[in-house]
Every structure is written in C-alpha cells, then in structure tokens.
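Visitor: Chains as they are written, first to last, in numbering that gives the first Met the number 0: chain A, 0 to 312; chain B, 0 to 411.
Built from N, CA and C at the ideal position, the CB exists for glycine as well.
Input: one structure, supplied below.
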Amino acid sequence: MESNLKARIRPGQARRKQRTDRTVRAVFFLAALISGSCIVLITLFILMKGIQPFLPGYAYGSVSLKDFLLGTLWRQDQGVYGVGFIVINTLISAFGALLLAFPIAVLTALFIVKIAPKPVKPLMKTVVELLASIPSVVYGVFAAGVITSLVKGLASLAGVSTAGGSSLLAVILLLAIMIFPTITSLAVTAIEAVDPDLELGSLALGASATQTHFKVVLASAKSGIFAGAILGLGRAFGEATAVAMVAGNKLFGPTFNLFDITRTLTSTMLAGLKETTGLDYDIRFSVGLLLMVVILLSNLSLNWVKKKVGNGQ
Amino acid sequence: MKTNRMPRVISDRFLQLLTVLSAALAVVVLTSLFVYIFSHGLSLINADLLRSDYWSLSKIVALDETRNQPGSYPRPENLGAEVAWSEKWGVGFVDHLSHEKKQLVLIEAVAENSPLASAVDTSSGANQGKPVAMSAGLQVEKIDFTDASGTADFTGMLASARAAEVAETLDQSAAKLTSMFIKTPGGGIRGSLVSTAYLILVSLLIALPIGIASAVYLSEMAKKNKVNAAIRTGIETLTGVPSIVYGLMGVSVLFPITAAMGAKTTNILLGALTMAIILLPTIIRSTEEALRVVPQGLRDASLSLGASQTQTIFKITLPCAMPGILSGILLSIGRVVGESAALIYTMGTFINDQPGLLKQGTSLAVHIWSVMSGEQPNFELACAISIIILIFVLILNLTVKLLSRRLQKSFR
C-alpha cells in the first residue's frame with residue numbers, strides 16, 4: 000500500500016509543473032506587454048518623424064512650424080505646406096457629419112428598442128450591423144458613384160456648379176452614413192440599459208408612451224448615447240480612403256461652401272503618394288501627428304461636455 | 000383635460016413618425032448601396048475575373064519558317080458553332096465582349112500540328128526566342144500575312160475584323176504569316192486575390208499567438224496592479240487609432256524589419272505586420288469575452304484534480320473558449336479584407352500579377368483604390384471587387400453570429 004502511494008506522489012513533478020507555470024506566465028506577460036506597448040511605439044515614432052521637418056538641420060530644408068500650422072495653401076509641387084485650412088475643413092466635415100447622423104441614429108435606436116414591432120426589431124438590428132460591416136473602400140465606391148451624382152443634382156437645382164459632385168457636402172453625407180451604425184449601436188445598448196422602473200414611473204404619472212420615450216428614456220440614456228457620438232466622431236476624423244475618393248483635394252481654403260471641393264487631413268495624407276523619402280513624404284507624418292492631436296483634443300473636449308450634461312455615470 | 004389631449008396625440012404621432020422615418024432612411028441607404036454595387040459590378044463577375052492577370056501582356060510572335068504554309072486541318076468536332084475555324088491554318092477564333100465593353104477577337108483553339116503551334120516570341124525582352132503557347136483566350140490584335148503574289152496585308156482587331164472575317168481572310172488569301180501581334184487577357188484580380196490570401200495568413204500567424212496569450216494573461220493571470228492596468232489601457236487605446244496612422248507606423252517602425260529581410264520597396268510582409276498590430280485589439284477582446292463565458296467551476300475542477308495552471312489553460316479553458324476565439328479570427332479576416340488606408344502606405348498601390356511576400360502587391364480593397372484613383376476611374380471593376388468583398392464579409396459576419404450563439408448556448 001505504502002509503496003503504491005510513493006510511486007504516485009513525486010515531489011519533483013510538482014516542482015516541474017510550477018516551473019512551467021512560471022515560464023508560461025512570463026511568456027504570456029511578455030505578449031501582453033508587447034500588445035500594450037504598441038500604442039507607445041506608434042505615438043513615439045510618429046512624434047519623432049512628425050516634428051522632424053520643423054527642426055533645424057533637417058535634410059530636405061526646414062519648414063516653419065508657424066507657417067505649417069496657420070498656412071492656408073497646400074502646394075506639394077511648390078513645396079508650400081500650410082495645414083491650417085485643412086484642419087478647419089476636417090473639423091467642418093466631421094462635425095457636419097455628426098450633426099446629420101446623430102439625430103437620425105438616436106431616433107433609429109429608439110425605434111429599434113422601443114417602437115418597432117417585434118418582427119421588425121431583429122431586422123433593423125441586422126440592417127445596422129450590415130452597415131457597420133461594410134468596408135470603407137466600398138463606401139468610397141458608393142460615394143463616388145451615387146452620392147456625387149446626388150450632390151450634382153442638388154447643385155443644379157440650387158443653380159450652383161460643382162466639380163463633378165466631389166464636394167464638402169458629399170464628404171459630409173458619406174461620413175454621416177459611415178458613422179451612423181457606430182452611433183446607433185451604442186445608442187441601442189444605452190437605451191436597452193435604461194431602468195424599466197423609470198419608464199413605469201413616468202407612465203404612472205400620466206405621460207404617454209411617446210413622451211416617456213423622448214423625455215425619460217433618452218434623458219437617462221444620454222451618457223451612453225454621447226459616448227457613441229464621441230466614437231463616431233473619431234471614426235469621421237480618421238476615415239481616409241472613402242473621403243479621399245470624393246473630397247477633391249482643394250489647394251487653398253478653408254472651404255465653407257457645401258458644393259465646393261475640400262481637403263481633409265486624411266485625404267491630404269493619401270494624395271499623390273509616390274516617393275518614400277523627402278520632405279513631401281515626411282510632412283505626411285506631421286499631418287498624421289496633427290490628426291492624432293485633433294482627435295485627442297476633440298475627444299477630451301467632448302468628454303468634458305459629456306461630464307457636464309451627463310448623469311454622472 | 001379633453002382639450003389638451005388632441006395636441007398630445009398629434010405630437011406623439013409626429014415623434015413616432017420621425018423614428019420610423021429615420022429607421023427607413025437607414026434601410027434606404029443600405030438598399031441603394033447594394034443595388035448600386037450589384038447593378039454595376041455583377042456583369043463582370045465570372046471565373047475569368049478571378050483567374051486572369053490585371054495587366055495584359057503584348058507579344059509579337061513569328062512562326063517556324065519550315066512549317067509556315069497553309070495546310071488542311073479539319074475542324075475539331077467538339078468546337079461550338081460560334082467558333083470561326085480556319086481550315087488552312089488550323090486555328091479557331093471567337094468574338095468576345097471585354098470588361099470595358101470592347102469587341103475582341105480571341106483565339107479559341109489551335110490544332111495540334113498547326114503552323115501556329117510553332118510560334119516563337121520575337122518581342123524584345125527576357126522571353127525573346129522562346130516558344131509561345133497559343134492558348135485559348137489570347138487577343139488577336141493583328142496578323143500580318145503575305146498572299147500568294149507576295150503582297151503584304153493584315154487582319155485582326157486592328158483591322159476591325161470580327162472572328163468570322165479573320166478566319167475567312169486567312170483561309171482565302173494568306174500564303175504565309177509574317178508575324179502576329181497578340182495580347183494576353185487583362186483586367187483580372189488573380190494577383191490581388193493571392194496577395195490578400197498572403198496578407199490574411201501572415202497577419203493572423205503573427206497576431207493570433209500574441210493576441211491570445213495577451214488575452215489569457217489579462218483575464219486569467221493578471222493581478223490588479225498599475226502595470227496591468229496600463230497594459231489594458233494601451234490595448235484599448237489601440238482601437239481608437241485611425242487606420243491611416245497605422246500605415247504611417249508601419250512604414251516608419253516596421254519597414255526596417257522587412258528591409259533587413261531584403262525588401263527594397265513597400266511590400267506585402269510589411270502590410271501583414273501592420274495588419275497584425277491592427278488586429279491585436281480585436282483578437283484580444285473577442286478572446287477575453289470568450290474566456291469570460293467559460294464557467295469558473297470548470298477551472299476549479301481542473302485545478303483541484305491536480306492539474307497545473309498551464310494544463311488548465313491549454314486543456315480546459317482555451318478549448319472551451321474556442322468558438323469565441325474562432326469568431327475573433329473571422330472578424331480579423333474581415334478586417335484584413337476591408338482594410339485599405341493602412342495598406343496603401345505599407346504595400347503600395349501597384350497591382351502586381353506575380354505577388355510575393357517581399358514584393359509589392361495590392362489586397363482586394365487596395366485594388367479598388369488603385370482602379371478608382373486613376374485618371375479614369377473603373378467603376379465596373381471596382382463594383383465587381385466590392386461584390387466579392389461584400390459577400391465575403393457578410394458570410395464571415397453571419398458565421399460569427401452563429402458561433403457566438405453556440406458559445407452562449409453551450410454554457411447555459
């Protein structure tokens with residue numbers, strides 16, 4: 000009996016097991032560390048390459064940071080890189096898209112959760128999921144084919160001219176379509192999470208179902224809905240290929256006319272990408288850096304607004 | 000009270016109508032997108048599109064002097080009625096409408112012992128002097144010949160002849176074929192399909208182990224401390240980075256790695272490495288979600304039976320979380336197929352028919368960007384590729400839905 004036990008309990012085996020456990024834990028920690036430090040690497044390298052053109056001793060002739068940030072002319076062929084108007088254009092198109100998509104997305108979310116009859120509900124959810132899963136380059140083809148001709152039609156109705164439909168309006172419409180599923184799905188989650196007791200209380204006080212939906216449900220879900228808007232705005236800022244297909248790449252600006260061509264930070268980064276050295280290439284890193292700064296600042300300010308209007312969640 | 004009721008009913012109805020209209024707008028946008036893409040691209044979808052190269056190669060070929068004379072080659076019986084057969088030269092032509100709606104004359108069949116089977120490439124280049132296989136599908140641009148009296152003449156697409164006319168002219172007047180100008184069919188997406196496959200394979204090969212290990216560490220092993228919280232924040236921030244910024248990162252951080260392996264330009268491996276980083280948050284999140292669904296009781300049971308933590312993870316937890324990990328893989332594939340901005344920077348926009356890991360190439364999405372950003376945007380081809388991408392992504396998403404339902408069900 001005793002000899003039987005001894006054969007099974009082997010202290011060496013337990014130690015070996017613990018050792019493998021420790022090694023596996025270390026390897027997995029290393030993997031997590033790699034994943035977590037990617038963002039640091041990205042920020043660091045783009046920061047380094049992005050500020051290079053403004054530093055003295057830059058190989059391809061230095062650019063003045065002030066002229067870069069406040070400039071209103073972008074001529075790659077002449078070596079003039081002013082990005083100020085492009086930032087304004089980017090802000091206009093992204094916030095314009097948000098302004099257009101936000102109410103429609105919130106209303107759609109309300110429809111999906113509260114108003115739609117039971118068989119329609121999963122159908123609408125699928126529609127939103129499908130819209131979210133379509134790659135941006137496909138949206139670009141759609142925008143170049145359909146939205147531009149829509150804009151052309153609108154322009155001829157209004158009696159103004161457009162450059163084949165590529166315009167600020169086309170960019171805004173395209174971005175609105177692209178951020179719509181993001182905002183809607185987050186709003187759906189937020190509305191579904193609203194405490195049913197709140198609704199019952201409102202109904203018991205004599206409010207109609209619709210009044211409850213708009214005044215109680217939306218009000219208590221507003222923090223989550225706002226988070227969706229922030230996420231959507233981030234997507235609108237960062238969208239590149241689809242926007243570049245309909246923006247039109249204006250050389251100066253800023254563009255306030257809806258039917259005029261425009262230029263965003265992302266479309267600038269994609270335009271005329273040929274060589275992989277030189278100022279014209281390096282300056283794209285500066286534009287990318289600026290894009291990250293714009294996204295960060297707008298996120299921070301929107302989060303501040305969210306805290307002010309939200310319900311402390 | 001009664002006087003107040005009417006306006007409330009009206010305003011309620013109005014607000015309700017607004018929500019219905021918004022939802023309807025979403026449906027309209029989705030349908031119009033599908034209708035547009037499918038109506039413009041469907042005519043191009045066929046096996047040829049998937050099989051053929053994008054660039055068409057021009058070749059000038061000459062025939063072997065000793066065999067360059069008309070003979071008698073009976074029409075093969077298995078040829079369709081639409082093939083125009085030249086009995087003296089043993090070659091059959093067909094009419095064909097190209098992607099760009101151009102009338103083409105294609106070679107359909109060549110008799111085994113026909114003079115044309117001895118064709119040799121005479122255009123300058125590496126292939127000069129090598130035999131050219133006269134295979135079906137080659138475009139007949141021009142055939143120069145001399146007739147019985149020695150007068151030179153030509154026929155083919157440059158003479159705006161149709162298949163029947165080409166065969167007839169050859170049979171009636173050609174005594175000797177001086178040279179032939181032929182083109183291989185182009186406009187296909189074979190190269191991009193191969194590049195996309197490379198991209199998916201390599202990026203998953205890198206991202207999967209790192210991603211799954213990170214997820215296991217974060218959800219199974221990590222204690223609550225500042226380092227782990229920082230790692231988590233870092234990974235979450237990764238999701239918010241626009242893809243074009245990943246492209247910049249790829250060419251600045253990762254390019255030296257591929258350069259050390261011998262790459263001189265942007266290349267597919269660079270694109271795959273960049274995609275691997277883009278995929279990390281997706282894989283980590285879906286793996287973590289799957290691990291969370293696995294009941295704690297299973298882990299406890301395994302540990303109490305004497306298994307070590309490593310054994311528990313590899314033999315109990317991960318196999319149970321498999322459907323969730325699989326859906327993460329599928330979502331990642333969808334992301335790779337749809338990605339464009341980051342890849343434009345890291346792989347370039349040159350459509351390569353012979354892609355290799357360290358060579359330039361385009362994924363399907365970048366192929367669309369390439370044909371759309373030129374002087375003459377090719378909407379038909381762009382829509383056709385879009386259809387392929389859409390169907391692919393839709394199937395992936397449906398499978399993910401089914402998988403996640405199965406994962407939820409198996410532990411309820």
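The beta strand (DSSP E) spanning SER42(B) covers which residue range?
Guide: Segment: none, SER42(B) is in no beta strand (DSSP E) and carries neither H nor E.
Visitor: State buried or exposed for ARG334(B), treating a residue as buried only when at least 16 other CB atoms are found within 10 Å of its CB.
Guide: Buried.
Visitor: State buried or exposed for LYS400(B), treating a residue as buried only when at least 16 other CB atoms are found within 10 Å of its CB.
Guide: That one is exposed.
Visitor: Looking at the structure shown, is GLU128(A) part of a helix, part of a strand, or coil, going by DSSP?
Guide: The answer is helix: DSSP assigns GLU128(A) an H, G or I state.
Visitor: Residues of chain B with CB under 8 Å from ILE45(A), in chain order?
Guide: Here the neighbours are VAL244, LEU247, MET248, SER251.
Visitor: What is the rounded straight-line gap between the Cα of ALA108(B) and the Cα of THR125(A)?
Guide: Those two C-alpha atoms are separated by around 49 Å.
Visitor: Between which two residues does the alpha helix (DSSP H) harbouring THR238(B) extend?
Guide: 225-239 is the extent of the alpha helix (DSSP H) around THR238(B).
Visitor: Just the Cα atoms here: how many angstroms apart are ILE230(B) and GLY252(A)?
Guide: One C-alpha to the other measures close to 41 Å.
Visitor: Mind listing the chain B neighbours of VAL127(A)? Cutoff is C-beta to C-beta under 8 Å, in chain order.
Guide: Those within 8 Å of VAL127(A) in chain B are ALA25.
Visitor: Taking 8 Å as the CB-CB cut-off, is LYS306(A) touching chain B?
Guide: Output row for LYS306(A): interface = no.
Visitor: Could you spell out where the beta strand (DSSP E) holding THR154(B) opens and where it closes?
Guide: Residues 151-154.
Visitor: Which chain B residues sit within Cβ distance under 7 Å of PHE179(A)?
Guide: Here the neighbours are ALA25.
Visitor: Who pairs with VAL93(B) in a beta bridge, going by DSSP?
Guide: VAL93(B) pairs with LEU105(B).
Visitor: Ignoring anything shorter than 4 residues, give me the alpha helix (DSSP H) runs that lie fully in the region 5-92 of chain A, in order along the chain.
Guide: Counting only runs of 4 or more, we get 10-50, 64-69.
Visitor: For a contact meaning CB atoms closer than 8 Å, what does VAL313(A) contact in chain B?
Guide: The structure shown does not extend to residue 313(A), since chain A is modelled only from 0 through 312, so no value can be given for it.
Visitor: For ILE315(B), I'd like the list of residues in its chain whose CB is within less than 7 Å of its CB, leaving aside the five on either flank, ordered along the chain.
Guide: Closer than 7 Å at Cβ, skipping near neighbours: LEU297, ARG298, SER301.
Visitor: Is the region 316-334 of chain B in contact with the region 185-204 of chain B, if contact means three or more CB pairs nearer than 8 Å?
Guide: Contact between the region 316-334 of chain B and the region 185-204 of chain B is present, because at least three Cβ pairs lie under 8 Å.
Visitor: Along chain A, which residues have their Cβ under 8 Å away from the Cβ of ASP11(B)?
Guide: The answer, in chain order, is SER207, ALA208, THR209, GLN210.
Visitor: List, in order along the chain, the chain A residues whose C-beta lies closer than 7 Å to that of GLN15(B)?
Guide: Going along chain A in sequence order, the residues near GLN15(B) (Cβ under 7 Å) are ILE114, THR209.
Visitor: Could you give the residue range of the beta strand (DSSP E) that holds GLN138(B)?
Guide: Counting along the chain, the beta strand (DSSP E) containing GLN138(B) begins and ends at 138-145.
Visitor: Excluding the 5 residues preceding and the 5 following ALA162(B) in the sequence, name in chain order all residues of the same chain whose CB lies nearer than 6 Å to its CB.
Guide: ALA83, PHE92, VAL93, ASP94, VAL104.
Visitor: Which residues share a DSSP beta bridge with PRO130(B)?
Guide: PRO130(B) is bridged to VAL119(B).
Visitor: Taking Cβ positions, are LEU72(A) and GLY81(A) nearer each other than 8 Å?
Guide: Contact: yes.
Visitor: Hey, does PHE110(A) have any beta-carbon neighbour from chain B nearer than 8 Å?
Guide: Yes, contact with chain B.
Visitor: In the DSSP assignment, find the alpha helix (DSSP H) that holds ALA83(B) and state where it starts and stops.
Guide: First-last for ALA83(B): 83-85, but that is the beta strand (DSSP E), not the alpha helix (DSSP H).
Visitor: What does DSSP give as the partner residues of SER57(B) in its beta bridges?
Guide: Note: SER57(B) sits in a beta bridge opposite LYS182(B).
Visitor: For a contact meaning CB atoms closer than 7 Å, what does CYS382(B) contact in chain A?
Guide: Under the 7 Å cutoff, chain A gives VAL140.
Visitor: Considering only DSSP beta bridges, list what GLY247(A) is partnered with.
Guide: Paired residue(s): THR261(A).
Visitor: With DSSP collapsed to three states, give me the class of THR413(B).
Guide: A query on residue 413(B) cannot be resolved here, the shown segment of chain B reaching from 0 to 411 and no further.
Visitor: Within 8 Å, do at least three Cβ pairs link the region 262-270 of chain B to the region 59-69 of chain A?
Guide: They do not touch, by the three-pair rule.
Visitor: So the candidates are PHE410(B), SER369(B), LEU363(B), LEU406(B); which of them puts its Cα closest to the Cα of PHE391(B)?
Guide: When each option's Cα is compared against that of PHE391(B), the closest is LEU363(B).
Visitor: Have a look at LEU299(A) and ARG18(A) and give me their C-alpha separation to the nearest angstrom.
Guide: Straight-line Cα distance between these residues: approximately 46 Å.
Visitor: Quick one: which unbroken alpha helix (DSSP H) runs of 4-plus residues sit fully inside the region 235-308 of chain B? Chain order, please.
Guide: You should have 242-248, 254-259, 267-292, 295-303.
Visitor: Which term fits GLY311(A), buried or exposed, when burial requires 16 or more other beta carbons within 10 angstroms of its beta carbon?
Guide: Here GLY311(A) scores only 49 on pLDDT, less than 50, and its place in the model is too uncertain to base an answer on.
Visitor: Please report the Cβ distance between THR154(B) and LEU176(B), rounded to the nearest whole angstrom; I am assuming they are in contact, meaning their Cβ atoms lie under 8 Å.
Guide: 10 Å between Cβ atoms; not a contact.
Visitor: Whose C-alpha, out of PHE67(A), ALA96(A), GLN12(A), is nearest the C-alpha of VAL242(A)?
Guide: Comparing Cα positions, the closest option is ALA96(A).
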